[in-house]
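Asker: Counting in our numbering, the sequence shown runs from 11 upward without gaps.
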Amino acid sequence: MNKILWDEGFKRSYKRKIKINKRLKKKFWIVMETFEKNPFASRIRTHKLSGKLKGLWTFSVDYNCRIIFKFVEGKSKILLIDIGGHNEVY
11 MNKILWDEGF KRSYKRKIKI NKRLKKKFWI VMETFEKNPF ASRIRTHKLS
61 GKLKGLWTFS VDYNCRIIFK FVEGKSKILL IDIGGHNEVY
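1. Which residues does DSSP pair with Val82 in a beta bridge?
2. Quick check: the region 23-36 against the region 44-59, are there 3 or more CB pairs under 8 Å?
3. Do Ile78 and Leu66 come within 9 Å of each other at the CB atom, strictly closer than that value?
4. Locate the beta strand (DSSP E) running through Phe69, then write down its first and last residues.
5. Can you confirm whether the region 55-64 touches the region 37-44 when touching is taken to mean that 3 or more C-beta pairs between the two stretches lie within less than 8 Å?
6. What are the boundary residues of the beta strand (DSSP E) that Leu15 is part of?
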């Protein structure tokens, strides 16, 4: 199991976008459980980013909610960087 760290910016985005939305909050925690066990589970569609976000990765909470993250200290720790809709995080 990977250790998940939350960047300060991620914490703020979570409070603004997820914490106040009960439906999305429930989905978020279900997806996070899957992600923690297997960051490459096909159901969350994890993939590398390119361009200005090269070196970062993303996975989906739902159709219009993505989480941007990066691996730190090899792949033993994962830093969550941002969360939001496609146009917000890319």
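Glycine is no exception: its CB is placed at the ideal position from the N, C-alpha and C atoms. As the structure is a prediction and not an experimental result, all values here were calculated from the model.
Answerer: This is what the structure gives:
1. Lys87
2. no
3. yes
4. 67-72
5. no
6. 13-16
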